[in-house]
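Scroll down for the structure; my scribbles are underneath it.
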Amino acid sequence: MRNTGIGARTVESSRSPHSSSQPLRLVVIGVSGCGKTTLAQQLAQNLSLPHVELDALYWEEKWQPASRPVFRGRVQAATAEESWVVDGNYSQSRDIVWSRATDLVWLDYGLVPVMARVIWRTARRLITQQELWNGNRESLGITFGRNSIIWYAFTSHRRHRKKYLALLNGGEFKHMNVYRFNRPQEASRWLQSLLQPNSAAPQ
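When you read off a place in the sequence shown, starting at 1, and then add 72, the result is the number in our numbering.
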């Protein structure tokens, strides 16, 4: 785990959210395709917490985005519980989620592994026609059109890193423990550490 930028605030990967007896509210962030939802689902299962996927709250049928008031209302309702795991990067709901989060997990992977993951994920969804949110599915038009998630992941990678560094170095979110992982193996080892027998169950 690299300690540049937010090093003084980054929690060592050997630490576990289990070490807190307080309610846990975790948010998982990172560029498209880095594995946010997969990790969030695993965290939710391992910590026995509800999982909230922001994409599912944002996308309506036929890939139409929810209006800002509707989306924010859904996020507020979904995070009204005392504890949860949320994944997603939406700036429209950042104040709602981050202001209450106790821990933030940042999958800050390099461009090569991110692109490999997003291309593989998109191809798999396109071939299998996996149903996503509200009946939406990948299509050739979406995959290769002007709103391509592959192109978005490529062009937004550096911008997202710069933005998150600025946000986490600011004073507004200093209440959160920050776990920043630069390689998928680091996040996997940390996740496995949550299953160790000496980890106390969350209260």
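Think of the CB as a built atom: it goes at the ideal place given N, C-alpha and C, for glycine as much as any other residue. Predicted, not measured: the structure shown is a model, and the values here were computed from it.
Residue i, buried or exposed, once every other Cβ within 10 Å from all chains shown has been counted against 16
{"i": "S163", "result": "exposed"}
{"i": "H229", "result": "buried"}
{"i": "L267", "result": "exposed"}
{"i": "A149", "result": "exposed"}
{"i": "G207", "result": "exposed"}
{"i": "A272", "result": "With a pLDDT of 43 at A272, under the threshold of 50, the modelled position of this residue cannot be trusted, and the question is left open."}
{"i": "L183", "result": "exposed"}
{"i": "E203", "result": "exposed"}
Straight-line gap, residue i to residue j (C-alpha atoms, nearest Å)
{"i": "S260", "j": "D167", "result": "28 Å"}
{"i": "Q117", "j": "F216", "result": "34 Å"}
{"i": "N219", "j": "W131", "result": "14 Å"}
{"i": "G243", "j": "R252", "result": "18 Å"}
{"i": "V147", "j": "K234", "result": "25 Å"}
{"i": "A188", "j": "Q201", "result": "20 Å"}
{"i": "Y181", "j": "V142", "result": "32 Å"}
{"i": "Q264", "j": "H123", "result": "18 Å"}
{"i": "L111", "j": "I214", "result": "25 Å"}
{"i": "E153", "j": "D159", "result": "15 Å"}
{"i": "R231", "j": "N161", "result": "13 Å"}
{"i": "L237", "j": "V100", "result": "15 Å"}
{"i": "Q113", "j": "V157", "result": "8 Å"}
{"i": "W223", "j": "E210", "result": "14 Å"}
{"i": "E258", "j": "L179", "result": "10 Å"}
{"i": "R97", "j": "S155", "result": "5 Å"}
{"i": "W205", "j": "D127", "result": "7 Å"}
Per-residue DSSP class, three states only, for residue i
{"i": "L179", "result": "strand"}
{"i": "R252", "result": "strand"}
{"i": "P141", "result": "helix"}
{"i": "V190", "result": "helix"}
{"i": "V158", "result": "strand"}
{"i": "E133", "result": "helix"}
{"i": "H229", "result": "helix"}
{"i": "L267", "result": "coil"}
{"i": "E258", "result": "helix"}
Residue closest to residue i, alpha-carbon to alpha-carbon, out of the options
{"i": "L212", "options": "S165, N249, M248 and L198", "result": "L198"}
{"i": "P95", "options": "T151, F143 and R189", "result": "T151"}
{"i": "L239", "options": "S171, P122, L263 and L119", "result": "S171"}
{"i": "F226", "options": "L121, N208 and V190", "result": "V190"}
{"i": "G105", "options": "N208, P185 and S265", "result": "P185"}
{"i": "S165", "options": "T109, L183, L119 and S139", "result": "S139"}
{"i": "E125", "options": "T109, L115 and L119", "result": "T109"}
Subject >> Cβ contact check for the segment 128-138 and the segment 182-194: 3 or more pairs under 8 Å >> reply: no
Subject >> contact_flag[the segment 238-254, the segment 171-179] where n(CB pairs < 8 Å) is 3 or more >> reply: yes
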